[in-house]
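Each residue of the sequence shown is one higher than the one before, starting from 9 at the first, in this note's numbering.
Beta carbons: idealized from backbone N, C-alpha and C, even for Gly.
What follows is a single structure, written as structure tokens, with notes after it.
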Amino acid sequence: MLLIDPLFTLPKKLTKLHISTPGSMYVDMRILRGVTDKRTFSIYQHRLVRLCLYTQRRTVTFYEPTMERGYLPIADHALIGNLRTAALVSLDGSVESYCVPHFDSPSVFARILDKDKGGHFSIQPTISCRSKQNYLPSSNVLQTKFMNEVGVVSVTDFLPRPLHPSPFGASHPKPLLPWLIRRVECIRGALTVNVEVAPAFNYARNPHTTSIVDDDTAEKHQKAVEKRQKAVFESADLTLDLRYVAEKTVAEAIEPPIVVLTTLDLSAKGHKGLAVQATISLVEGQAVTFVLRHPPGSTNSYASPQIQAPKPQTTLGPEVPQAGISQAPRATVGTVDAQSRKASVGVIALENDGSVPHARPHDDPYLTKELVHSLLHMTNRYWYDWIRQSTYTGSWKEAVLRSALALKLLIFEPTGAVVASPTFSLPEYIGGTRNWDYRYSWIRDSSFTLYALIRLGFTEEANAFLGFIFERLRDKNPDGSLQIMYTIHGEKEIPEIELTHLDGHKSSKPVRVGNGAADHVQLASDSVCDIYGELMDCVYLGQKYGKPLGYDDWVLVRGVVDYVVEHIHDTDLSIWEVRNRQRHFTYSKIMLWVAIDRGLRLADKRSLPCPNRLKWLAARDELYEEIMELAWNKEGKYFGQSYEETDVLDSAVLIMPLVFFMQASDPRFVSTLKQILKTPDKGGLTSNNLVYRYDTRKSDDGVGGEEGTFCLCTLWCIEALTRAGQSDKTFLPKAVSMFEDFLLYLNHVGLCSEEVSDAGEGLGNAVQGFTHVTLISAAYNLSRTLDKGSVE
């Protein structure tokens with residue numbers, strides 16, 4: 009930091025300049041924006057040059073970042089979360105997607121869907137820097153580094169998590185603080201960063217007011233502390249505040265950095281309220297932590313009423329941790345959601361002299377550097393403790409464990425539901441119309457997710473999801489059917505609307521919220537779906553590796569199988585949830601077979617009563633014969649997409665050996681597999697070792713538009729090759745080659761999107777649970793086959 013000599017008369021904004029290196033100085037010309045007269049502007053530039061010479065700087069570089077920021081690729085983002093909601097953080101340090109307080113709440117940041125008015129929270133250097141991004145080891149705490157010859161700044165992003173309960177108990181539980189925390193630290197040299205917080209409430213539809221006031225949660229119990237500011241953003245349905253704490257991290261005689269919040273008008277870009285900005289000059293050993301939260305006690309909140317407030321607890325003692333990051337806090341768990349914060353009972357925090365106590369609620373502690381360090385330590389430890397429970401020891405361990413950590417972020421802890429993805433309306437093809445909202449719990453996707461976690465030894469999540477499922481079984485549709493999807497709170501209604509005011513990612517429209525696919529299972533009995541197979545497979549594995557099935561739950565399960573048996577000849581919309589006519593889809597028929605088969609296995613292995621056993625057996629056998637006869641394309645020698653369209657090849661049939669419908673060595677399946685492995689111009693579905701769902705030119709799904717290769721289908725193909733390789737060893741090298749190739753399409757932090765374009769770009773909603781599920785399954789079985797010669 010350089011103080012200007014009084015000899016030089018410069019604008020007030022230039023009273024402090026960032027010095028880049030001992031030999032040069034960079035001047036951001038945005039600080040001269042208020043100077044409109046060209047002659048005055050030139051004089052100021054000349055005086056800056058004189059200043060450069062006066063301070064013995066050999067060069068001075070004037071720059072102005074005039075290029076408007078466009079859309080970053082979908083793959084250039086990482087995910088953080090707290091098992092309530094999640095945020096996408098871009099490689100250049102911007103929070104691009106964030107819904108508060110839950111996954112399916114309206115967004116406050118959605119820049120990834122509208123670069124101008126979607127809303128963002130960016131922290132970026134004022135000069136050009138190279139950026140790197142990584143997760144801390146065995147954690148979902150994210151670190152983004154900005155590197156330049158003049159300095160290095162690190163931004164650490166996380167949503168806090170309390171530790172698991174201590175087996176020895178604790179004096180008081182730590183709440184889950186629904187905060188977004190961003191810690192900026194200069195770790196070498198000196199850099200200036202620009203911070204912009206521009207919320208766009210309710211999918212950028214609601215206006216808001218912005219005020220900058222004194223922060224009443226800033227270490228009031230400590231004396232002689234400089235007052236801090238906070239920004240308050242208030243809309244009709246939600247209030248957020250932005251707080252910060254500055255610190256020095258070294259013992260040298262430097263002061264904490266100075267932070268001054270000012271408002272920023274972005275109305276020209278379509279924003280409906282003022283943003284807040286701060287330009288902060290940092291030198292090595294200085295740090296600032298920003299906290300964005302929904303203030304406790306606010307009456308406006310998007311929180312769902314389904315989650316009940318915990319019983320209030322009274323605790324005496326200081327809430328602020330007594331030490332920094334090096335000391336672990338007491339390991340306890342508590343959850344405080346937005347609607348329950350008023351129920352919190354205060355914590356007594358004494359002044360330093362012990363005189364006047366101040367009551368602080370559990371969910372509104374004083375914001376101190378010690379608290380920030382403690383939350384970072386506790387969150388990092390939470391993720392480390394969780395992932396080390398994994399029993400996976402095979403090859404590709406790094407990719408598998410990162411996938412497990414990603415899947416954990418998709419779980420909504422209060423109910424046990426699993427979202428398909430924490431994002432919405434990211435396109436399956438740039439400029440296309442296949443843009444869907446995945447922030448809901450599909451029975452199909454969730455069941456596969458639990459299968460993958462069970463394989464890795466995580467049974468607690470399986471038990472929680474089964475609890476969610478059995479609640480849905482107790483609230484079935486009047487005809488006994490289930491919906492294919494529910495909200496994370498278990499609700500059935502998910503109306504779909506289009507947000508025409510948003511541009512869409514790279515102008516891919518429409519932007520949709522809600523999901524019309526929920527209506528695919530109507531009350532009419534002629535609309536069965538494939539979900540029952542995935543559900544029953546999940547129940548079967550859950551009771552096998554997790555909590556045993558009780559009699560009352562068995563009665564519910566038995567009812568599911570009875571329903572399936574009555575509807576095995578019905579049409580549906582199947583796994584791809586087509587939006588036109590129903591058909592006898594081969595995949596759905598296979599999964600109906602799975603539902604009956606798992607019911608029979610449960611009854612036999614657990615000796616459970618099964619009054620309709622013979623009827624189940626007959627239905628299972630009938631389905632098998634029917635698929636062999638009606639889904640088989642006799643000329644092409646492969647299984648077709650549906651009974652009606654056996655000429656359409658569909659990679660969904662790769663599921664056959666994965667669910668033990670038939671052996672992978674069966675000649676019919678081997679022939680189908682070989683057909684899928686052909687390139688599209690030769691009638692296949694594989695291009696560059698990546699697999700398409702089906703040929704959209706041959707199969708009308710009612711949506712239109714193009715799409716990329718599907719990661720799910722690619723990984724199913726790899727696992728099918730692995731299983732076929734047990735009898736024909738020529739398939740194994742192909743499986744290994746395809747899997748190694750696929751790993752190259754993971755992004756810089758090891759996350760998967762839904763699809764991959766012809767150019768290798770990630771497409772669709774990210775992070776996509778289905779992809780990580782199948783990655784785990786493929787790696788698990790491929791490792792097992794290579795090591796032991798068998799798969800499960």
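Whose C-alpha, out of 465, 615, 537, is nearest the C-alpha of residue 586? 537
Where do the N-terminal and C-terminal ends of the alpha helix (DSSP H) with residue 440 fall, by residue? Premise fails: residue 440 is in no alpha helix (DSSP H) and is neither H nor E.
Could I get the ranges of all uninterrupted alpha helix (DSSP H) runs contained in the stretch 594-659, with 4 residues as the minimum, in chain order? 594-613, 621-638
Less than 8 Å between the C-beta atoms of residue 207 and residue 78, yes or no? The beta carbons of residue 207 and residue 78 sit no closer together than 8 Å.
Do residue 298 and residue 158 count as a contact pair if the criterion is CB distance below 8 Å? no
Who are the Cβ neighbours of residue 655 in its own chain at under 8 Å, not counting the five residues just before and after it? 641, 644, 648, 706
Apart from the five residues just before and just after residue 794, which ones in its own chain have a Cβ nearer than 6 Å to its Cβ? none
Endpoints, the alpha helix (DSSP H) within which residue 786 is located: 777-796
Contiguous beta strand (DSSP E) assignments of at least 3 residues, all confined to the stretch 136-212: Taken in chain order, the whole beta strand (DSSP E) runs of length 3 or more contained in the stretch 136-212 are 138-143, 150-156, 159-166, 187-206.
Limits of the unbroken alpha helix (DSSP H) element including residue 462: 451-463
Could you tell me how far apart the beta carbons of residue 249 and residue 256 are, in whole angstroms, since I believe they sit closer than 8 Å? Contact flag wrong, Cβ pair sits at about 25 Å.
Answer yes if the stretch 457-469 comes into contact with the stretch 501-519, meaning at least three C-beta pairs across the two stretches below 8 Å, and no otherwise. Touching, no, given that fewer than three Cβ pairs across the two stretches are closer than 8 Å.
Length-filtered (4 minimum) alpha helix (DSSP H) runs lying within the stretch 666-692: Within the stretch 666-692, the complete alpha helix (DSSP H) runs of at least 4 residues are 675-684.
Restricting to Cα atoms, I'd like to know which of 261, 251, 276, 628 is closest to residue 268. 251
Taking the alpha-carbon of residue 138 as reference, which of 482, 447, 550, 101 has the nearest alpha-carbon? 101
Using the C-alpha atoms, what's the distance from residue 391 back to residue 465? So the two alpha carbons sit approximately 15 Å from each other.
Buried or exposed by the 16-neighbour rule on C-beta atoms within 10 Å, applied to residue 446: Burial check for residue 446: the Cβ neighbour count within 10 Å reaches 16 or more, so the residue is buried.
Go ahead and pull the three-state DSSP assignment for residue 283. strand
In chain order, what residues of the same chain have a beta carbon less than 8 Å from the beta carbon of residue 670, not counting five sequence neighbours either side? 664, 676, 677
Hey, how far is the Cα of residue 434 from the Cα of residue 771? 7 Å
Nearest-angstrom Cα distance between residue 724 and residue 689? 21 Å
If you follow the beta strand (DSSP E) that residue 107 is in, where does it begin and where does it stop? 102-107 is the extent of the beta strand (DSSP E) around residue 107.
One question on the structure: do residue 488 and residue 571 come within less than 8 Å of each other, judged by their Cβ atoms? yes
Opposite residue 250 in the DSSP bridges: which residues? 239, 300
Can you tell me where the alpha helix (DSSP H) with residue 539 in it begins and where it stops? Segment 539-553, the alpha helix (DSSP H) holding residue 539.
Closest Cα partner of residue 786 within the set 543, 751, 396: Ranked by Cα distance from residue 786, the options 543, 751, 396 are led by 751.
Kindly identify the DSSP beta-bridge partner or partners of residue 295. 193, 255
Quick test of the definition: if touching needs 3 or more C-beta pairs under 8 Å, does the stretch 185-195 touch the stretch 397-415? no
Helix, strand or coil at residue 579 [DSSP, three-state]: coil
Is it buried or exposed for residue 694, if we count other Cβ within 10 angstroms and need 16 for buried? It is buried - the Cβ of residue 694 has at least 16 other Cβ atoms within 10 Å.
What does the alpha-carbon distance come out to for the pair residue 444 and residue 520? Rounded to whole angstroms, residue 444 to residue 520 spans 6 Å at the Cα level.
Quick one: what does DSSP say residue 414 is sitting in, helix, strand or coil? helix
Considering Cα atoms alone, identify which of 384, 575, 610, 720 is closest to residue 171. 384
Distance check for residue 563 and residue 781, CA to CA, integer angstroms please. 29 Å
Since residue 485 and residue 144 should fall inside the 8 Å C-beta cutoff, what is the C-beta to C-beta distance between them, to a whole number of angstroms? In fact, because the Cβ distance is near 45 Å, the residues do not count as touching under 8 Å.
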